[in-house]
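Have a look at the structure below, then the notes.
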Amino acid sequence: MPRFAANLTMMYREHAFLDRFGAAAADGFKAVEYLFPYDYPAADLAALLKKHNLEQALFNAPPGDWANGERGIAALPGREDEFKLSVDTALQYASVLGNRKLHFMAGLVAADADRARHRDVYVRNIAYAAAQAAQHGLTVVIEPINTRDMPGYFLNLQGDAKKICDETGAANLKVQFDLYHCQIMEGDLAVKLKQMMKNDIGHLQIAGVPDRHEPDLGEVNYPYLFDLIDELGYDGWIGCEYIPKGATSAGLGWAKKWLG
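Its first residue numbered 1, the sequence shown is counted upward by one per residue in full-length UniProt numbering.
Printed below as a string of structure tokens:
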């Protein structure tokens with residue numbers, strides 16, 4: 001049976017962020033994820049998780065200057081020291097929040113950039129993050145993101161992410177397979193899930209395509225894919241990283257079967 005984690009950055013926006021934990025729990029979610037925890041003390045977030053009997057599924061490492069448009073620094077030459085500090089910060093938060101997976105964003109790269117140079121930095125940084133995370137029993141994930149929503153993002157295709165994971169040789173480095181991004185960039189979701197599930201996928205995320213609303217809206221047959229994900233033996237959390245079309249709770253009809 002699929003297990004869903006509410007993404008509190010995108011869902012429950014009708015509530016203040018700290019109130020979203022309780023709202024998600026009231027709707028039956030047993031886990032949450034979000035982009036970043038760093039605006040709040042880790043202990044405060046851990047207290048909310050405990051209060052509402054929620055598990056922390058995932059969050060992102062510090063992404064650079066998000067407010068001014070940066071979307072990660074892992075593939076940016078000259079930012080290696082900052083990246084190492086971001087690894088330390090993410091691991092500190094994970095030690096308090098209890099999640100076993102961390103996502104490190106690659107960053108934006110100009111169209112005329114030396115992609116080979118960026119890739120070299122990316123591979124070395126991600127290998128470093130995986131090595132540090134392994135000391136704490138954690139998994140690092142990297143996510144291909146579509147170029148429509150995030151033009152210039154360095155990593156866009158599932159196969160490229162798999163190659164980077166393979167190149168590092170780190171057993172705890174996996175692909176964060178977001179079905180929304182993959183459908184926009186590549187399609188062929190079922191085949192890719194079959195090819196990658198056993199050895200390559202560390203976390204799944206979903207949203208309706210093309211508008212990133214609830215997964216029962218749009219062109220993707222999610223009930224079929226949920227059955228397939230079960231058949232393939234995935235037992236991790238599936239992050240609901242979508243923007244509700246209306247009020248979050250009112251749009252959860254698609255999940256009633258699993259949330260109870």
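For glycine and all other residues, C-beta sits at the position ideal for the given N, C-alpha and C.
None of the values given here were measured: they were computed from a predicted structure.
Other residues of its chain near residue i: CB distance less than 6 angstroms, five sequence neighbours each side excluded
i: N146; result: H181, I184 and M185
i: S249; result: D27
i: E219; result: V209
i: F17; result: none
i: A131; result: none
For residue j and residue i, believed in contact at Cβ under 8 angstroms, the rounded distance
i: E80; j: N7; result: Incorrect: roughly 29 angstroms between the Cβ atoms, too far for contact.
i: M105; j: P63; result: 5 angstroms
i: F154; j: G107; result: 6 angstroms
i: Q195; j: F177; result: Not quite, the Cβ-Cβ distance comes to about 11 angstroms (not below 8 angstroms), so this is no contact.
i: A129; j: V87; result: 5 angstroms
i: residue 261; j: H103; result: Since the first and last residues shown for the chain are 1 and 260, residue 261 lies out of range.
i: H15; j: A25; result: Their Cβ separation, rounded to whole angstroms, is 12 angstroms, which puts H15 and A25 out of contact at 8 angstroms.
i: V140; j: N172; result: 6 angstroms
i: G239; j: L189; result: Rounded, the Cβ-Cβ distance is 16 angstroms, inconsistent with contact.
i: A127; j: A170; result: 6 angstroms
Cβ-based neighbour list, residue i, same chain, cut-off 7 angstroms, excluding 5 preceding and 5 following
i: D200; result: K162, C165, K174 and V175
i: residue 263; result: Within the shown structure, residues of the chain are numbered from 1 to 260, placing residue 263 beyond reach of any answer.
i: N60; result: L35, F36, H103 and M105
i: V32; result: A5, A6, L8, F21, A24, L54, Q56 and A57
Residues sharing a beta bridge with residue i, DSSP
i: I73; result: DSSP lists no partner for I73.
i: D178; result: Q205
i: F4; result: I238
i: A31; result: A5 and E55
i: V141; result: H103 and K174
i: L108; result: Y153
Extent of the continuous alpha helix (DSSP H) run through residue i
i: F83; result: E80 to L97
i: V121; result: R115 to A134
i: P63; result: P63 -> no alpha helix (DSSP H), and no H or E assigned at all.
i: R20; result: R20 to A26
i: M10; result: No alpha helix (DSSP H) contains M10, which DSSP labels as neither H nor E.
i: residue 308; result: What the structure shows of the chain is the stretch from 1 to 260, and residue 308 is not part of that stretch, so it cannot be assessed.
i: P191; result: Here residue 191 turns out to be Val, not Pro, going by the sequence shown. Note, V191: alpha helix (DSSP H), L189 to M196.
i: G159; result: Q158 to T168
i: Y222; result: Y222 to E231
i: K256; result: K256 to L259
Cβ neighbours of residue i in the same chain (closer than 8 angstroms, five flanking residues each side left out)
i: L217; result: G208, D211 and K245
i: E167; result: V123
i: Y242; result: N7, M10, M11, Y180, I206, A207, G208, R212, H213, E214 and P215
i: M1; result: D230 and W258
i: A110; result: G152
i: R117; result: P77
i: L49; result: F21, V32, E55, Q56, L97 and G98
i: R148; result: I184
Endpoints, beta strand (DSSP E) assigned at residue i
i: F59; result: E55 to N60
i: H213; result: Here H213 belongs to no beta strand (DSSP E), and DSSP marks it neither H nor E.
Residue i beta carbon near the ligand HEM (any heavy atom closer than 6 angstroms)
i: K174; result: Among the components modelled here there is no ligand, and therefore nothing to report on the ligand HEM.
Touching by the beta-carbon criterion (3+ pairs, under 8 angstroms), the region 54-71 and the region 222-229: No, the region 54-71 is not in contact with the region 222-229.
Contact between the region 36-49 and the region 83-99 (3+ Cβ pairs under 8 angstroms): Contact holds: three or more Cβ-Cβ distances are below 8 angstroms.
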